[in-house]
Structure formats: C-alpha cells, structure tokens
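Participant: Heads up: the sequence shown begins at 112 in my numbering, then just goes up one per residue. Just so it is clear, CB atoms sit at the ideal spot from N, CA and C, and this is done for glycine as well. I have a structure here, written as structure tokens, and I will follow up with some questions on it.
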Amino acid sequence: MRQDHPAALHRALFPNLTVEANIAYGLTGASRDQSRGRVAEMLELVGLTGSEKKYPGQLSGGQQQRVALARALAPKPSLLLLDEPMSALDARVREHLCTELRQLQRQLGITTLMVTHNQDEAMLMADRIAVMNNGQVEQYATPQEIYDQPATPFVAEFVGQGNWLPFQRSSDSHARVGSMNMRLAANAGRASSGRLFCRPEAITVNPVVHEENLFPAKVREITFLGNRCRMSFELKALPGHALLAELAPEAMPRLGSQDIWVALPPQSLQVFA
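This is how it looks when you write it as structure tokens:
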C-alpha cells in the first residue's frame, strides 16, 4: 500500500536559492520541464507569478510564507502539516493569509493538520479543533462547539474570555451566587456546587426590556477596543469579584453612571463542578 509522506510548512527558506529553486527543491525525479511547469503552477496558485528569480531576502514576510506553502504543495502531498505557520507575521497579514490558506486548502482538498497557539487562527481555519492540555485532548469539536459549549474548565479559560462565579445549587433550576438566586437553563449541568461560566458578550447591560437574572452592579473600568468596548464591573451582591462584559460602542450612552443593571441570561450560564 502506498504511503505518502506529510509535507511540513516551514518559514525557513533556503536564502541562497531563488524562489524557483526553493519550490523545485522537493520535486525529486521530475524532469526540468516538469519542474518548471510545476513551479509556475504553484506560483500562480499562491499569487507570486513573476517572482521566480527573486531571493527570499527580497520578499516580505507574507510572500516568504507563500513561497514556503508553494514548496510544501509542489510534490502533491496527501497531508499538509502546518506548525505555527503565521507566528512571525503581523495581525493584518496573518488574517489575510489565514483566509487565503483556508480557501486554498478547500480548493485542493488536502487534509491539513495545523498546530497553533493562536485562537483566532484556529477558529478561522479549522473544521474541527483539538484543544490539548499537557499532552491530553480536552475537547475535539467544531470551532463553534468549542467556544459555545466548552467541555472542561481548561477549554473555557483557554479559548476566548470568560467570567467565573462561585455557586451553590439551591434547586434543579436555580443556583445561589452570593446573595443572588440565579436561574439556570435545563442543560446548564447538574453539579451541586462549583463555578458558573459565562461569556462577556452574553451579558446584557442596562437592558431596555426586562430580562431574567437581572442584578445591580457597579462599573470598574471601560476599555475602548475600536469595534467594541470591554467593561469591567462587579455585582453589588458579590463585591470584590471582577467580571467582564463586551459592549458595542453605541451601547455606551445607556450606561449613564457607574451604577448599572446587568442581566446574565440563563442560557448563557454553564455549570462546572
């Protein structure tokens, strides 16, 4: 049975070889014409036609990554291994290349395994994500399931921002948090005590209509992040315990003062023992 070797994408190109020679490096056994044809095909695929005679030092970081990708794809591997492929690039170039690489991977139909510590890269590129902790897989699921339904506290803390609230179960449908009684969704979990987990963007601040789990709070700090604002606050019934909420900038005028009301919807609360 034929076994293809996985291709590993590395940033380190051979600095003394041209782009053309770098890409052709893995085309063992191909004739000169076949090699030139494959190199031209790969350069067109990654949008670098005309750069054949340039050296890596004449290219930008993003262009070097494209050449490295073309070199990895040239031998037609059955599996593409990407090990922290975007770590040396700035945020804008990284996002652009991630989108291009995702489209390219779908176009070619190559099974791709990517190792990364960057959550945005994983969410943008993956069909399924394996979150690992000390060599063990904590959760293997789609990006949306990983974010919306973390299986363990480690996954909840590692992926995105989150709030934690100590609780004691008061009934099947309610939990005591400080002096507050919070209603829980039916699928929140069955632990009798532990921590409640809630994403910052799930919290409603000064709702215009009545919502469940509505409690008085006090604003600590507001940070403007461009397309959103991050607000640090504490519940008056749980002083000294900082929580985060994500707000759209247009919601800021509704704050009025440091004294606010916040709603933690039952469906946003997940129970961890």
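#1: Under the assumption that lysine 329 contacts aspartate 370 (Cβ atoms under 8 Å), give the Cβ distance between them as a whole number of angstroms.
#2: Between the alpha carbons of glutamate 155 and arginine 203, how many angstroms are there, rounded?
#3: Enumerated in chain order, which unbroken segments of the beta strand (DSSP E) with a length of 3 residues or greater are wholly contained in the segment 175-211?
#4: DSSP beta-bridge partners for tyrosine 166?
#5: Between threonine 263 and glutamine 247, is the Cβ-Cβ spacing less than 8 Å?
#6: On a CA-only basis, which of Gly172, Phe308, Ser281 and Ala384 is nearest glutamine 272? Give me that one, please.
#7: DSSP state of leucine 295, grouped into three classes?
#8: Going straight from the alpha carbon of alanine 286 to that of proline 254, what length do you get?
#9: Based on DSSP bridge pairs, tell me the residues matched to tyrosine 258.
#10: Checking 8 Å against the spacing of the C-beta atoms, do leucine 138 and alanine 185 come in under that value?
#11: Can you look up alanine 356 in the DSSP assignment and give me helix, strand or coil?
#12: Whole angstroms are fine: how far does the CA of serine 379 sit from the CA of cysteine 209?
#13: In its own chain, which residues sit with a C-beta less than 6 Å from the C-beta of isoleucine 134, not counting the 5 before and 5 after it?
#14: Which value, in whole angstroms, describes the spacing of the CA atoms of glutamine 230 and glutamate 268?
#15: Does the Cβ-Cβ distance between asparagine 274 and proline 311 come in under 8 Å?
#16: In whole angstroms, what is the alpha-carbon distance linking alanine 356 and leucine 224?
#17: What's the C-alpha gap between alanine 296 and proline 377?
#18: I need the DSSP call for proline 117, collapsed to helix, strand or coil.
#19: Around the Cβ of glutamate 361, are there at least 16 other Cβ atoms within 10 angstroms (buried) or fewer (exposed)?
#20: Since I believe glycine 168 is in contact with proline 196 (beta carbons under 8 Å), could you give me their beta-carbon distance rounded to a whole number of angstroms?
#21: Counting along the chain, where does the alpha helix (DSSP H) carrying valine 150 start and finish?
#22: Which runs of the alpha helix (DSSP H) spanning at least 4 residues fall entirely within the segment 214-246, listed in chain order?
#23: Taking the beta strand (DSSP E) that alanine 328 falls in, what are its first and last residues?
#24: Helix, strand or coil for serine 379 per DSSP?
#25: Taking DSSP's pairing of strands, which residues face arginine 341 in a bridge?
#26: Kindly indicate if chain E contains any beta-carbon less than 8 Å away from that of glutamine 145.
#27: Among Glu131, Leu346, Asn244 and Ile314, whose alpha-carbon lies nearest the alpha-carbon of proline 277?
Facilitator: Quick look at the numbers:
#1: Position 218 of the sequence shown holds residue 329. Position 259 of the sequence shown holds residue 370. Taking the Cβ atoms as the reference, lysine 329 lies roughly 6 Å from aspartate 370, within the contact range of under 8 Å.
#2: As a position in the sequence shown, residue 155 is number 44, starting the count at 1. As a position in the sequence shown, residue 203 is number 92, starting the count at 1. Their backbone Cα atoms lie some 22 Å apart in a straight line.
#3: 190-194
#4: To locate residue 166, count along the sequence shown from 1; it is residue 55. DSSP, once it has assigned bridges, lists no residue as partnering tyrosine 166.
#5: Taking the sequence shown and counting its residues from 1, the one referred to as residue 263 is at position 152. Taking the sequence shown and counting its residues from 1, the one referred to as residue 247 is at position 136. No, they are not a contact pair.
#6: Within the sequence shown, the letter at position 161 stands for residue 272. Selected option, being the one with the closest Cα: Phe308.
#7: For the purposes of this step, residue 295 is taken as residue 184 along the sequence shown, with counting starting at 1. The answer is coil: DSSP assigns leucine 295 none of H, G, I, E or B.
#8: The residue you call residue 286 lines up with position 175 of the sequence shown. The residue you call residue 254 lines up with position 143 of the sequence shown. Near 29 Å, if we compare the C-alpha coordinates of proline 254 and alanine 286.
#9: Stepping through the sequence shown from its first residue, residue 258 is reached at position 147. Per DSSP, none; premise fails for tyrosine 258.
#10: On the sequence shown, residue 138 is found 27 positions in, with the first residue counted as 1. On the sequence shown, residue 185 is found 74 positions in, with the first residue counted as 1. Yes, these two residues count as a Cβ contact at 8 Å.
#11: The residue you call residue 356 lines up with position 245 of the sequence shown. Of the three classes helix, strand and coil, the one that applies to alanine 356 here is strand, per DSSP.
#12: In the sequence shown, residue 209 corresponds to position 98, counting from 1. In the sequence shown, residue 379 corresponds to position 268, counting from 1. Roughly 30 Å between the two C-alpha positions.
#13: Translated into the one-based positions of the sequence shown, residue 134 becomes position 23. The answer, listed in chain order, is Val150, Met153, Ala181, Arg182 and Ala185.
#14: Indexing the sequence shown from 1 puts residue 230 at position 119. Indexing the sequence shown from 1 puts residue 268 at position 157. Computed Cα separation, rounded: 12 Å.
#15: Taking the first residue of the sequence shown as position 1, residue 274 is located at position 163. Taking the first residue of the sequence shown as position 1, residue 311 is located at position 200. Their beta carbons are under 8 Å apart, which means asparagine 274 touches proline 311 by this criterion.
#16: For this step, residue 356 is matched to residue 245 along the sequence shown. For this step, residue 224 is matched to residue 113 along the sequence shown. Cα-Cα distance, rounded: 34 Å.
#17: Walking along the sequence shown from the start, residue 296 turns up at place 185. Walking along the sequence shown from the start, residue 377 turns up at place 266. Each residue's Cα considered, the two are about 5 Å apart.
#18: Position 6 of the sequence shown, counted from the start, is the residue given in the question as residue 117. Summary for proline 117: the model assigns pLDDT 48, below 50, so the residue's position carries little reliability, and this model does not support an answer.
#19: Taking the sequence shown and counting its residues from 1, one reaches residue 361 at position 250. Exposed, since its Cβ has fewer than 16 Cβ neighbours within 10 Å.
#20: The sequence position of residue 196 within the sequence shown is 85, counting from 1. The sequence position of residue 168 within the sequence shown is 57, counting from 1. With 8 Å as the limit, proline 196 and glycine 168 do not qualify as a contact, their Cβ atoms being about 20 Å apart.
#21: In the sequence shown, the residue the question calls residue 150 occupies position 39. Element bounds for valine 150: 143-156.
#22: 230-236
#23: To locate residue 328, count along the sequence shown from 1; it is residue 217. Where alanine 328 is concerned, the enclosing beta strand (DSSP E) stretches over 325-335.
#24: Position 268 of the sequence shown, counting from 1, holds the residue named residue 379. In the structure shown, serine 379 adopts helical secondary structure according to DSSP, grouped into three states.
#25: Against the sequence shown, residue 341 aligns to sequence position 230. Arginine 341 is bridged to Thr334 and Glu357.
#26: This model lacks chain E altogether; it includes just one protein chain.
#27: Mapped onto the sequence shown, residue 277 falls at position 166. Nearest option by C-alpha distance: Leu346.
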